[in-house]
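K.L.:
Numbering (this note's numbering), first residue to last: 9 to 444. Ideal placement from N, C-alpha and C gives every residue a C-beta, glycine not left out. Before anything else, here's the structure in question.
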Ligand SMILES: CC(C)(COP(=O)([O-])OP(=O)([O-])OC[C@H]1O[C@@H](n2cnc3c(N)ncnc32)[C@H](O)[C@@H]1OP(=O)([O-])[O-])[C@@H](O)C(=O)NCCC(=O)NCCSC(=O)C[C@@](C)(O)CC(=O)[O-]
Ligand SMILES: NC(=O)C1=CN([C@@H]2O[C@H](COP(=O)(O)OP(=O)(O)OC[C@H]3O[C@@H](n4cnc5c(N)ncnc54)[C@H](O)[C@@H]3O)[C@@H](O)[C@H]2O)C=CC1
């Protein structure tokens, strides 16, 4: 049996690679080559990347692409997108181009409030917790003043603090529920620091309070919430049916009718809703990644929001009203344009620069637009040609690599599949023909 490694974190990068190749890769001589091939020749830059996380041995590239021509609140924006999947950037670009001549996208920030909780247990009387909170509240607030000062000076900071009785959900469970505005920061570290200070003061005050009939309440943990239903952006695009034109051979009226039906199906049916929202996240995640934001936080928050009424549903809505197709969504997006990796990762910084150095509210808007556009493009294909025609056209480059086509074969195969949708089997068949 293989023995566990001790003190792996303290090995140098080269030692980690040596260990990996000996223990996990059967001394494969190509492994080191692959890992080293992705090291940056600029040592300083490599050191920066090595420091982003832990036990790093190389860099993992993803493509950074551009989706130009987004008209957002009457401003032309080029959106940087980091994504590994083919056809996503093309789809976003196509949707941007489609809406460019039809009024573009309009966004409204509905709120920027985030929250965090100090999770507490107390088995005694609720009235005792209430009395304690009245006793401690001023000191709880006062103890955060220093940490809060700069954020407050920016117009944000701690907004409110409440004691919440959650004993109906879980025996003896209470929260200090705090709300925040973290301005241009995503705010996780700021909120967590604030909550941990509240927890410290809570413990101190609980030890002083004389009104508990049993042992004082216990702080279980303090952490921000990635559920951000009050940090949302509304995004909308609308166009008269007459201006839709003929879409992939379908009249504007028929297109709008089928488009609305497709969205309604995703509202009613969770199996479809998950895929529908995955398509939206193709756009949202790509901007979140390009700007060095936390995509796990965004993903968790978005999907919780999609299930907020108890059933997982489409995040987008569509309707025809007064001869207009209206397509809209509200996305919860906790994003930062300062902090985290946003200015540390040179490409994240450049991505923000590409969009004109937006503040967090603008970045919420641009990201939401990319999500809505992506959904538009996917539905546009789904209700007309089907998804495979466009998607596989873009995926062809990957497929050609997979089947080991030479440069000369690639040219012939591209030609052969210029009018039909490729699949692996048809591609293999065609390459056999070329080689026989
Ligand atoms: C793929 C397209 C765009 C082809 O669409 P097309 O009509 O064949 O493209 P075109 O060659 O006529 O070009 C039109 C425009 O599309 C863009 N475009 C076109 N080609 C490129 C390219 N190579 N590189 C960059 N941009 C490209 C570009 O904006 C271009 O304008 P131009 O630049 O020429 O002025 C279209 O079929 C499409 O939008 N399909 C949808 C693709 C999609 O949604 N992909 C996501 C992956 S599938 C998935 O994960 C989610 C899903 C679908 O399951 C979600 C759901 O079910 O809801
Ligand atoms: N559950 C989660 O989502 C968790 C996420 N994280 C990570 O936390 C990081 C984000 O935390 P942050 O506190 O945003 O980052 P951060 O720790 O880098 O702090 C950003 C700081 O920038 C300063 N700042 C300067 N100008 C500002 C402005 N205009 N507006 C607001 N602040 C300004 C503030 O002091 C602010 O606290 C991300 O890397 C995320 O992955 C960390 C813990 C948990």
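Taking the continuous beta strand (DSSP E) assigned at residue 303, which residues delimit it?
P.N.:
Segment 303 to 314 is the alpha helix (DSSP H) holding residue 303; no beta strand (DSSP E) there.
K.L.:
With burial defined as no fewer than 16 other Cβ atoms inside 10 Å of the residue's Cβ, what is the status of residue 104: buried or exposed?
P.N.:
Result: buried.
K.L.:
Starting from residue 183, follow the alpha helix (DSSP H) in both directions and report where the run begins and ends.
P.N.:
Segment 181 to 189 is the beta strand (DSSP E) holding residue 183; no alpha helix (DSSP H) there.
K.L.:
Measure the alpha-carbon distance for residue 33 versus residue 411 and round it to whole angstroms.
P.N.:
Approximately 25 Å between the Cα atoms of the pair.
K.L.:
Considering only the beta carbon of each residue, do residue 236 and residue 376 sit closer than 8 Å?
P.N.:
No. Outside cutoff.
K.L.:
Let's test the definition: count the other Cβ atoms within 10 Å of the Cβ of residue 126 and tell me whether it reaches 16, buried, or not, exposed.
P.N.:
It counts as buried.
K.L.:
Do the stretch 240 to 260 and the stretch 162 to 171 touch if we need at least three Cβ pairs shorter than 8 Å?
P.N.:
With a cut-off of 8 Å, the stretch 162 to 171 and the stretch 240 to 260 do not count as touching, because too few Cβ pairs lie within range.
K.L.:
Classify residue 370: buried if its beta carbon has 16 or more other beta carbons within 10 angstroms, exposed otherwise.
P.N.:
Its Cβ being crowded by 16 or more others within 10 Å, residue 370 is buried.
K.L.:
May I ask whether a heavy atom of ligand 2 can be found less than 7 Å away from the beta carbon of residue 159?
P.N.:
Yes, since a heavy atom of ligand 2 falls inside the 7 Å radius drawn around the Cβ of residue 159.
K.L.:
Go through the stretch 81 to 167 residue by residue and report every complete run of the beta strand (DSSP E) that reaches 3 residues or more, in order.
P.N.:
Whole beta strand (DSSP E) segments, 3+ residues: 83 to 90, 114 to 117, 121 to 129.
K.L.:
Can you find at least 3 beta carbon pairs, one from the stretch 264 to 276 and one from the stretch 318 to 330, that sit closer than 8 Å?
P.N.:
In short, these stretches touch, since the Cβ pair count reaches three.
K.L.:
Kindly indicate which residue of 338, 372, 334, 218 has the alpha-carbon position closest to the one of residue 345.
P.N.:
Nearest option by C-alpha distance: 372.
K.L.:
Roughly how many whole angstroms lie between the Cα atoms of residue 221 and residue 132?
P.N.:
Looking at the two C-alpha atoms, the distance is approximately 7 Å.
K.L.:
Say whether the stretch 60 to 80 touches the stretch 41 to 52, bearing in mind that this needs 3 or more beta-carbon pairs closer than 8 Å, one atom from each stretch.
P.N.:
Taking 8 Å as the limit for Cβ pairs, the verdict is that the stretch 41 to 52 does touch the stretch 60 to 80.
K.L.:
Could you check whether residue 172 and residue 183 sit closer than 8 Å to each other, using their CB atoms as the reference points?
P.N.:
In contact: residue 183 and residue 172 (Cβ atoms closer than 8 Å).
K.L.:
The alpha helix (DSSP H) with residue 429 in it runs from where to where?
P.N.:
First-last for residue 429: undefined, no H or E at that position.
K.L.:
Looking at the structure shown, is residue 245 part of a helix, part of a strand, or coil, going by DSSP?
P.N.:
It is a strand residue.
K.L.:
With 16 as the cutoff for other CB atoms within 10 Å, does residue 365 come out buried or exposed?
P.N.:
Exposed: under 16 other Cβ atoms inside 10 Å.
K.L.:
Could you spell out where the beta strand (DSSP E) holding residue 333 opens and where it closes?
P.N.:
332 to 340 is the span of the beta strand (DSSP E), which, as asked, contains residue 333.
K.L.:
Relative to ligand 2, is the shortest distance from any of its heavy atoms to the C-beta of residue 215 smaller than 7 Å?
P.N.:
Checking the Cβ of residue 215 against ligand 2 gives no.
K.L.:
Compare the beta carbon distance of residue 95 and residue 300 with 8 Å and say whether it is the shorter of the two.
P.N.:
Result no, Cβ atoms of residue 95 and residue 300 do not sit closer than 8 Å.
K.L.:
Mark residue 317 as exposed unless 16 or more other C-beta atoms lie within 10 angstroms of its C-beta, in which case mark it buried.
P.N.:
Residue 317 is exposed by the Cβ-count criterion.
K.L.:
With C-beta atoms as the reference, is residue 97 less than 8 Å away from residue 75?
P.N.:
For residue 97 and residue 75, yes; Cβs fall inside 8 Å.
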